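S.K.:
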Amino acid sequence: MSRTLLRPVLAAGAAVVVAVLALLLVGAAGALQAPPSSDPPLGAALSDEDRAALGAVPAERGAPPAAADPGVDLTDPEAVARAYLAAAHSVAPGDAGRTQLRAAGYAVPGSTAAAVGVVVLDPPPAGSLRTATVTALELVAADAGGTRRGYRAEVGTATGPPGGALAVDLVTSRIVLARQADGRWLVAAENPDLPTGED
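Residue numbers (this note's numbering): 14 to 212.
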């Protein structure tokens with residue numbers, strides 16, 4: 014082999030050796046920094062023991078989920094979105110410190126919306142109710158297969174004692190619906206916007 018051909022071959026071989034050594038060093042460093050096997054993997058949910066150690070207040074489950082209103086056409090995604098949002102954002106004073114599952118009948122079984130429900134962070138005062146109505150619903154995304162739809166919704170809430178003065182508020186939420194094999198549309202996820210100043 015001539016010197017002209019030997020230099021590129023040696024350079025390529027040296028580059029391969031350096032790359033292999035770098036991978037070995039990076040892999041060994043990662044193994045040294047791995048958490049003990051008793052630690053949960055990153056992103057794991059907190060166990061009851063973890064929550065107790067952190068002093069976190071448990072969010073208890075509310076009343077069992079109600080069935081979907083038979084007057085709502087579950088094959089109409091907009092009707093399902095409106096019914097879900099109205100039920101999810103309507104709360105009573107007794108919902109304080111717990112989740113409420115009024116909207117679970119409109120949610121995909123096993124989803125957070127169906128299994129956990131809505132965490133009530135701001136219940137109305139004693140003697141008052143909060144009712145919700147969807148004031149605007151806009152389709153913002155749909156998959157090509159026609160099995161998923163995303164909406165941007167404006168939800169109006171009215172809080173106050175029955176027959177008394179009401180405090181009205183508007184919140185924006187994004188909601189994703191999934192078409193089931195039987196043709197029903199159910200809520201897969203909801204992401205309400207945080208009130209101003211809470212982001």
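Idealized CB from N, CA, C, for every residue including glycine.
The structure presented is a predicted model; accordingly, all values stated were derived computationally and were not measured.
1. Mark residue 20 as exposed unless 16 or more other C-beta atoms lie within 10 angstroms of its C-beta, in which case mark it buried.
2. Going straight from the alpha carbon of residue 128 to that of residue 122, what length do you get?
3. Run the proximity test for residue 63: is its beta-carbon closer than 7 Å to any non-hydrogen atom belonging to the ligand FMN?
4. In whole angstroms, what separates the C-alpha of residue 78 from that of residue 157?
5. How far does the alpha helix (DSSP H) with residue 98 in it reach, from first residue to last?
6. Does the Cβ-Cβ distance between residue 169 and residue 153 come in under 8 Å?
7. Return yes when the Cβ of residue 132 is within less than 8 Å of the Cβ of residue 99, no when it is not.
8. Is it buried or exposed for residue 149, if we count other Cβ within 10 angstroms and need 16 for buried?
9. Tell me whether residue 205 sits in a helix, a strand or coil according to DSSP, three-state version.
M.R.: Straight from the coordinates:
1. exposed
2. 7 Å
3. The ligand FMN is not among the ligands present in this structure, which contains no ligands whatsoever.
4. 32 Å
5. 90 to 102
6. no
7. no
8. exposed
9. strand
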